[in-house]
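Report on the following structure.
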Amino acid sequence: MKDIEVDVLVVGSGNGGMTAALSSHILGAESVMIIEKDKYYGGTSAMSGGGVWVPCNRYAKAAAAEDSLDEAFSYLRETIPSEDTSDEMLRTYLKYGPEMIDFLHKNSDVRYESLAEYPDYFSSAKGAKTGHRSMEPAPIRTSDLGEQFQYQNAPNPMIKVFDRLQFTQQELHLLMGQLPGWLTIVARELIKYILDIPMRIKGKQSRRLTMGAAGIARLRLSLLKRDIPLHLNTKLLDLLLEDGRVVGVRAERNGTPLNIRAKMGVILAAGGFEHNQDLRVENLPRPTDAQWSAGSRCNTGDSLLAAKRIGAATRLMNSAWWTNTISVPGESYPRLSIFEKSLPGNYVIDSSGKRIANESQNYMSFIKELHSKHIKGDSNEPYHMIFDSTHRKNYIVGPLFPGKMWPDFLIPKSYFTSGFLSKENSLSALARTIGVDAKALEETVIQVNEYAKTGKDCDFGRGDSAYDRYYSDPTVEPNPCLAPLAKPPFYAMKLDAGDFGTMGGMVIDEQARVLTTSGDPIPGLYATGNCAMGILTTYPGPGSTLGPAMTFGYLAAKHIADTEC
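At the far end of the sequence shown sits residue 564, using numbering that gives the first Met the number 0, and the numbering has no gaps.
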């Protein structure tokens, strides 16, 4: 068996793992190594929107945003149950999140842009802000990474337009709602794409990377400049324990076993267990299916299980980072469904033909309400987004571009034959096709049409909050989130109660040290990201997973450096 020795070993190559490795090297560790189970680097981070929720960060300050850590703490304390996350952990995150961003800005190619108009998800809570708490990665070119880019995990299908172009979150906001300026943005990027002859010779993908792809690319570029090795196809099998201290891992690279010893520490950042169906059934609320998850398929809980075998404690194993997903025929991954159900004239029903919750609220809260109703027996699969021809004509829905650009005859037949998409000339026929009670569906439509007329959703308050109205159409009155469902043909698109990762994992302290069931740190072992317990458990703002993953990866590196010094 081959033996390798390094100062710091990081398991996992998402935002948290790359930040931990980069920070460790900058802070003095001479030899740092990342191992990644997949054949691509970046994990779920590369597939994501890339947002990072860090109040009072340098980019917000540069924009003269009015905010304070005290306000942010008040907001978190009002929206996150104390049994989920302690005051100490929240204050640690708020203190060191901005420091982490400063550290990366000064020492790497990592750059972000403040999202001025993306509100906190619980916008009516004390301390909430309507923008400048979340950041998105500054765009970067694939060519900046050279040959290494071919090994980067691909973005979620939702993120690529025409399966070719990538836009920033701010640009997509305009594009999804077809707000002023959206045509200019599309035309600009399309012209640049067509004129980029060298890239067109190589393939169909644009040179421009945005969102999660840009975030990972910037971290990877920073690692390359420091010659920090990242080994793919390398699976963690077990942790090496000597005299109660973790001294490395037993791994397998391309089928060959090896021991990797880490003199200073091991940092686990290998994602959750969303693609381990047995663990899902054991821990998560029903309905649950790994096929609905938009997390990396290599996330099967390897590091979590290895840590448990040496006595690590776990928390929050019964939850995940919930979101609706759409499984489109012919696509390799489910799409995140974040904005479609928020646009006016799109409503989500269960098998009873009734609505589930406020479709425009944040995606995490929507699925939590779905699960709550399912547990009570009030809500059952399947779930569908329903909309009429007016909505179909004007808005994007999953893989469907607006009908005025992409008429129905261009829709692949497999969408209909698979049951993914249904289309009928009457509500009663649509109800029969998707298997719901026709009378209940018609009553639901009568209700939402009345709410669209008055502007008040008397069932769920849709459109009442600032976040509700973020993905809406301001030209629709009196409520930009509500429009009637009245003009045939009528459509239904299948929706799943999915996620983009699990929340539960190893218990860590303020230094990201993994704790035992008795509350003691396991010497030499650290964790961050979705293999560790969630910190911002209610998902209070865009980027509530990547922010803590990066911050506690940075804190792990700091603790290792301080301890060794």
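Backbone N, C-alpha and C fix where the C-beta goes; we use that ideal spot for every residue, glycine too.
Just so you know, these numbers come straight off a predicted model, no measurement behind them.
DSSP assignment within the stretch 457-544 yields no whole alpha helix (DSSP H) run of 4 residues or more. Inside the stretch 128-168, DSSP marks no whole alpha helix (DSSP H) run of 4 or more residues. Close CB contacts of residue 31 within its chain, under the 6 Å cut and outside five residues either way in sequence, are with 7, 20, 23, 24 and 227 (chain order). Looking only at 59, 524 and 482, the smallest Cα-Cα distance to residue 241 is reached by 524. Closest in alpha carbon position to residue 536, among 167, 88 and 432, is 88.
Contact annotation, residue 230 with residue 34: C-beta distance approximately 5 Å; criterion of less than 8 Å satisfied. When secondary structure is reduced to three states using DSSP, residue 250 falls in the strand class. With a threshold of 16 other beta carbon atoms within 10 Å, residue 256 falls short and is exposed. In chain order, 136, 138 and 139 place their CB closer than 6 Å to the CB of residue 213, counting only its own chain and leaving out the 5 sequence neighbours on each side.
The residue among 154, 117, 447 and 119 with its C-alpha nearest the C-alpha of residue 40 is 154. In the structure shown, residue 95 adopts helical secondary structure according to DSSP, grouped into three states.
Residue 357 is positioned such that its CB atom lies no closer than 9 Å to that of residue 177. Between residue 318 and residue 503 the beta-carbon gap is near 6 Å, inside 8 Å, which marks them as a contact. By the neighbour-count criterion, in which a residue is buried when 16 or more other Cβ atoms sit within 10 angstroms of its Cβ, residue 374 is exposed.
If the five residues before and after residue 353 are omitted, its C-beta is found closer than 7 Å to the C-beta atoms of 439 and 443, all from its own chain and listed in chain order.
By the criterion of a C-beta distance shorter than 8 Å, residue 315 is surrounded in its chain by 83, 502, 503, 504, 532, 533 and 536, once the five residues flanking it on both sides are discounted. Collapsing the DSSP output to three states places residue 217 in a helix. The beta carbons of residue 13 and residue 335 sit no closer together than 9 Å. Taken through DSSP and simplified to helix, strand or coil, residue 274 comes out as coil. The shortest C-alpha to C-alpha distance from residue 269 to any of 296, 496, 538 and 359 is the one to 296. CA-to-CA, the gap between residue 186 and residue 109 works out to about 28 Å.
For residue 256, the beta-bridge partners assigned by DSSP are 251.
For residue 365, same chain residues with a beta-carbon under 6 Å away, outside a window of 5 residues either side, are 356 in chain order.
Residues of the same chain with a CB within less than 8 Å of the CB of residue 291, apart from the 5 flanking positions on each side, are 324, 326, 333, 495, 496, 497 and 498 in chain order.
The beta carbons of residue 293 and residue 134 sit about 21 Å from each other, so the pair does not count as a contact at 8 Å.
Counting along the chain, no beta strand (DSSP E) covers residue 283, and no H or E run does either. A Cβ-Cβ distance of about 6 Å is found for the pair residue 432 and residue 423, placing them in contact under the 8 Å criterion.
DSSP, reduced to helix, strand and coil, places residue 65 outside both helices and strands of the structure shown, so it counts as coil. A straight line joining the alpha-carbon of residue 548 with that of residue 249 spans about 24 Å.
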